[in-house]
Structure formats: C-alpha cells, structure tokens
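Q: For reference, each letter of the sequence shown is one residue, going -13 to 576 in the working numbering. Cβ atoms here follow ideal geometry from the backbone N, Cα and C, with glycine treated the same way. Quick one: structure below, then a few questions.
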Amino acid sequence: MILEDVAKPEAFETSEISTVLDEVYSSAQIEIGKFIASYYFSSLGEAMALFVPFRRVRFPTHRQNQTLDDNKIEISLDGALENAPYTLPTLSPDQQKAYEFLEKKERALLFGVTGSGKTEVFINLMAKTIKEGKQCIFLMPEISLTPQMETRLKKYFGERIVMWHSKLTKIQKEKVLSKIYAGEVDIIAGARSALFTPLENLGLIIVDEEHDDSYKSMMKPRYHARDMAVYMGQKLKAKVVLASATPSLSSYHKYEVVRLEKPFIETQKQYHFVEGTTFTNGMIKKIEANFKAGEQSLLFVPTRGNFKYLYCQKCGVTHLCPYCSVGMALHRKVRHLKCHYCNYTEAIRTVCTHCGHEPLTSERMGTQEVKEMVEHGIPEMVVEQFDRDSISTAGKLKKALRRFEAKESHLLLGTQMLSKGHDYANITLSVILGMDYMLGLGDYRARERAMSLLIQIAGRSGRAKNSEIIIQSVNQDFFERYLNDYEGFLKDEMFFVEDMYPPFVTLARILVSHVKEEKASKTTLDVVTKLKGFEEVEIVGHGKAPIERIANKFRFHILLRSSSRKAMLRALYAVNIAGIEIDMDPVEFS
C-alpha cells in the first residue's frame, strides 16, 4: 500500500515497483484506518487489512500518472428500488412512530422487545436510503443470523443485496465484489467485516443485536464494530441505527432511544424456575410431552460445544494442557482431549498426571452429553445440535435451519448461538440451563450478560403460539423482577456501574506474554511503575492473567480505569513497547 511519494532513502535498499494493481484505498478508508491504528493500538498495515479496497477504472497510458484521489471509482447506482420485487412491509402505528423518529436522527437506538418487528422498520429505512441514491450496510453479530435475514431482505430488494462474511469462499467473495464494483449492490449484509466493504455512497449503517460481544474483535486490531459504525457514520455522513431487544448499558446511556414495547404477535409466556445444576429426567419428560403434542422445543446449555473437563477425585486437580494453564476439553465423539486455546490434542487419559490416581472423572455437562440423554430418553425425537462444533460452515447452518423450519427435527439444542436473533415460529417450550453459571462469571457485566442472554433465549419461543419457559436458577427473585422489564434493569444497573465502569469511565487492559515467566513478570512491573506517573489513570489491578499460560507463553495483565479517554491514551502510548498488547475498551476479562 502506497501512502505518499518520498525522496529515495539512502539508509536502505529499495525495490522497483513491478506491478500497480487496479485496487485503491479511498482517502476516507485511509483516514478511518489511521484512527483504528491509533485508537486500538495496531499497525497501520493491520488496520488497513480490514478494508476491501475500491477498484479503479483503467485510464489510457497518458493519464496513468494521476494521483490516486483523481482516479474515478467504478461505482454506479442505476436501478435500485424500482427493481425491488415486492411492495414494502406495512408498518403498524408503533413501527411507523419508530421509523419517523429514526428518520430524523443521525444516530439512535431502536430498543424493541423480541418479535416487535424491528426488521420491518429496517427495511423501510433501507428503502428510503436507496431511493435517495445511497447504499446501506446491515450488520449482524454472527454469520449464524445471515441465512434467515438474507431470505427476508431478498424478498424486498432482490439481487441488489449481497451477503459478506468470513465463511465465504474466495470465489464467492470475488463474485460479490464484482457486483459491488459494477454498481449492482444497494445493501451489504453480514458480520462485522461487512463494515469495511467498498461502498462509494454509504447512507445508512444498521447494527442489529448491537449488545452482542461478537462485534468486538479478539485479535489485533481489537476494534469494536458497533463503535466503529458510529465513528464511520460521522466521518461519511451516514445515518447509524443501533438495535436490540436487550441493548448494552453503554448504548442505552449514550444515544437517543425509541421503544417498540409490544411484540407484533402477542402470546402468553409462562415462566417456571427450577433449582439444580444439571439436566434432569423431569426436563426430559417435559420435552417428551411437548414433542408428543406435535410442538418443537429449545434447550440451552451454557458451555461450548460437546466438551467437559477431566479431573481427579483424589487430589482435585483438573487435567491441564502441557502448554497452557487451562483444562483439556474432552471430546467424546472423536475420542480425544483438546486445548481450545493452543489446539494441542492428545488421547483421552485415565490416570492423574499430578498424583497418579485412576480413573479421572468428568464434570460439566456439554451439548453432546445432553444430546445423548435426550436421544436415550426419547428415541424417536430428532435433535438439531446448534453450536460451533456442529455448525462449522454456512452450508451446515442453512441445512440445520431448513430441517428445523420444515419440522424434520424437533429439538434445537445448543449454546449461545441460540440467542442470536433467529425466528422459530413453532417453539412452545424452552429449557434454559445454567443461568447461575452465567451470573457468576468474573466480569463487571455478569448481571447484564446473564439478564440479556436469558431474555434473548426466552424470546426465541412463543413467537406465534403460547409457550412455557423453564429456567434453571436459584436466583429467581433477580431474574423474575426484570423478565418483562429490561429497561428497568438498565436503569437499576446504572447505579451499580456509575463512576466505576463504562459508560461512565474508560477501561483498558494490557496483556504481557513471554516464554520466560520472569521476563513477563518484570515487563509487567516496569509498565506498572511507569503508569504510576499518570495521576488521571487508576491501576485497578495487575498480576497473572486468569489463564496464566497459553501456547507455552506466560501471561500477565494490567487493568486500567480513567474518567478521561485522552489521559488513558496518553498513558498507554507512554508504555506501548514490544511484548505487550493493549486492548482498548475490553469486553473480555478472563
């Protein structure tokens, strides 16, 4: 990537330019890339690698010496709304009120309960934007949402909408890009990477399920797509709409809010709380009765995939990865142990490596164990497993959703993926396990995350029929108080976080890692000593990271807090040395 012409340096050798590609970054992309690099502490190269460049028109030879900004970008907006195959959805009075509110605002939050018809408001906003000759980006937190949304949007906008996400093959991406470059695209929908696609005349960015942590990148650059959408909207003069049934505390506090308080189809939901920490025969009987009544059910398990850990009953030590200080996950289906941090794999062990006791036992129940229990108790039931181990490709996802919608499968069993905004009209029973585990996570947002997750999963059932929701938790008083009043929860939570946590202060996390523990420890202490010179920045704590070793590197971390974002950035730039990684506005602390 060429930024500018400079005098030929004498200090080192340079290469001649052999080929000039047709791709070009716009000045706006470069400006936004520089912001990402500076705010999220990455190199400019790492930041610019997020963007898909524009493709320039080839000029005759005598014009090829023009500067990049003089080159015309090959984008046109012919056709558009006139080609939409269907009339737009009619809005209810409440939806119309929300639409008119959002139409007037440059950035705002649409706070609508599950099933309240937020998508219909989006479609009308997109149609208006396209009619004005502009383009739209529609962000979803994960690709698991894209098949259903693609179907709904194509109903109104036909082939002028394209999907963009990491699971697309190289050929599929080239096909999508050729449509964008030819000016045949009005809407790009997809996961966070869709934000960086080359639209020449962006007029609207919608961030659906804006509360979802999947919008935050866990590797450099550690940007947050929701926050970047707001920043890019300001820079590109595009409207930004954030939306959720359970908005984040930060967005609720920062932006103007419009409510959709009633579901489009009002149904009755009965909530029942049960104690315990495991899947029971009573729950199986409930699922069986619902199955025999010809209805579909949902079962949520709060752990990832089909794994659990091996531990020794004699000494209590969990069998750890030899390169990381985390338990090895037991994958019964493929009969091996796997570390989910460095991917080290080994055969299943029976003897404790710490004290020699035999056999090792396994504890926490995952989706695979629950699936086996259901299939044993209800042999004729078809279970659709919905987690990242089972749904590894876009094709598998589409097939799973198709089977469930066609009632070829009867129980949707999975992890957090179940909360991601899918519509299932025929689910009349939801069983939600392990909410106390979510509530007990070591995170200042544990209450917010648990409450949001419960409401989102409960919202998958009862979309068209009355439903029953069984919640496993001893914290009935807490959950029950806010099940139908998430706004009340947000208002109460404000008092809990005020002056301590975002959105009222800025947080940053510094990660230090090295193959030698003493080197990592010394670097951490050196950084802490330097940070003590910045009075406006508080060192909340420092020490070994919750996971002390990953991929044979020892890990330490420092958590910082400041009421001034500028003061925080000044302090971080003063300590930004090799061997440390800075996570600005972190969402993960474990």
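Using CA atoms only, rank isn't needed, just tell me which of F250, H258, V227 and P249 is closest to V243.
A: V227
Q: Whole angstroms is fine: what's the gap from K505's alpha carbon to G529's?
A: 13 Å
Q: If we require 3 or more residues per run, which beta strand (DSSP E) segments fall completely within the region 311 to 377?
A: 315 to 317, 322 to 324, 331 to 333 and 369 to 372
Q: Hey, would you say I441 sits closer than 8 Å to L469, going by beta carbons?
A: yes
Q: Whose C-beta lies closer than 6 Å to the C-beta of D55 among residues of the same chain, with five residues either side of it excluded?
A: Only weak support exists for where D55 lies, its pLDDT of 42 falling under 50; the value from the coordinates is given anyway. Within the same chain, D55 has close Cβ partners S13.
Q: With H, G and I counted as helix, E and B as strand and the rest as coil, what does DSSP make of S62?
A: With a pLDDT of 39 at S62, under the threshold of 50, the predicted position of this residue should be treated as unreliable, though the coordinate-derived value follows. Coil, per DSSP.
Q: Over what stretch of residues does the beta strand (DSSP E) that includes F542 continue unbroken?
A: K539 to S548
Q: I need the straight-line Cα distance from T379 to K153, nearest angstrom please.
A: 7 Å
Q: Taking buried to mean at least 16 other C-beta atoms within 10 Å of its own C-beta, is A564 buried or exposed?
A: exposed
Q: Given this structure, state the Cα-to-Cα distance separating D8 from F40, to the nearest angstrom.
A: 8 Å
Q: First and last residue of the alpha helix (DSSP H) that includes E86?
A: P79 to K90
Q: What does the alpha-carbon distance come out to for the pair E574 and L306?
A: Taking the straight line joining both Cα atoms gives about 22 Å.
Q: With 16 other CB atoms within 10 Å as the buried threshold, where does D478 fall?
A: Counting of Cβ neighbours within 10 angstroms places D478 among the exposed residues, the total staying below 16.
Q: Going residue by residue through the region 385 to 426, where are the continuous alpha helix (DSSP H) segments of at least 4 residues, counting only ones entirely within it?
A: Within the region 385 to 426, the runs of alpha helix (DSSP H) that reach at least 4 residues and sit entirely inside it are, in chain order, 421 to 425.
Q: To the nearest angstrom, how far is it from the Cα of F(-2) to the Cα of T515?
A: 37 Å
Q: For I251, count neighbouring Cβ atoms within 10 angstroms of its own Cβ and tell me buried if that reaches 16, exposed if not.
A: exposed
Q: When the Cα atoms are used, what is the spatial distance from V148 to G313?
A: 41 Å
Q: Leaving out five residues on either side along the sequence, give the residues of the same chain with a beta carbon under 8 Å from the beta carbon of A432.
A: The answer, listed in chain order, is M424, L425 and G426.
Q: How long is the line joining the alpha carbons of V523 and Y209, rounded to whole angstroms?
A: 21 Å
Q: CB T253 to CB N412, shorter than 8 Å?
A: no
Q: Between the region 491 to 504 and the region 534 to 550, do at least 3 Cβ pairs fall closer than 8 Å?
A: Yes: the two stretches touch, three or more of their Cβ pairs being nearer than 8 Å.
Q: Please report the straight-line C-alpha distance between G519 and S548, rounded to a whole angstrom.
A: 14 Å
Q: In the DSSP assignment, find the unbroken beta strand (DSSP E) run with H258 in it and report its ends.
A: K255 to V260
Q: Excluding the 5 residues flanking F37 on each side, which residues of the same chain have their C-beta closer than 6 Å to its C-beta?
A: Q15 and F182
Q: Between the alpha carbons of G352 and I273, how many angstroms are there, rounded?
A: 18 Å
Q: Counting pairs of beta carbons, one from the region 194 to 207 and one from the region 166 to 173, are three or more of them closer than 8 Å?
A: No, the region 194 to 207 does not touch the region 166 to 173.
Q: Can you list, in chain order, the residues of its chain with a C-beta nearer than 6 Å to that of I418? Leave out the 5 residues immediately preceding and following it.
A: F286, I443 and I457
Q: With 8 Å set as the bound, which would you pick, yes or no: does the beta-carbon of L511 sit closer than that to a beta-carbon of chain B?
A: The question asks about chain B, but that chain is absent: this structure has only one protein chain.
Q: Can you name the start and end residues of the alpha helix (DSSP H) that L235 belongs to?
A: L235 to K240
Q: For E281 and T414, which I take to be in contact (beta-carbon distance under 8 Å), what is that distance rounded to the nearest angstrom?
A: 4 Å
Q: Got a sec, what are the start and stop residues for the alpha helix (DSSP H) Q442 sits in?
A: A432 to A444
Q: Using alpha carbons as the reference points, say which of E473, K508, A494 and A436 lies closest to K552.
A: In this structure, A494 is the residue among E473, K508, A494 and A436 with its C-alpha nearest to the C-alpha of K552.
Q: At which residues does the alpha helix (DSSP H) containing M570 begin and terminate?
A: Taken as a continuous stretch (DSSP letters only), M570 belongs to no alpha helix (DSSP H), being part of the beta strand (DSSP E) at I566 to M570.
Q: My output table needs one value for S102: the three-state DSSP class, helix, strand or coil.
A: It is coil, neither helix nor strand.
Q: How many whole angstroms separate the CB atoms of F124 and I192, which I take to be in contact at a CB cut-off of 8 Å?
A: Confirmed, about 5 Å.
Q: On the three-pair Cβ rule with 8 Å, is the region 258 to 272 touching the region 386 to 402?
A: As far as the Cβ criterion goes, the region 258 to 272 does not touch the region 386 to 402, which means the pair count is below three.
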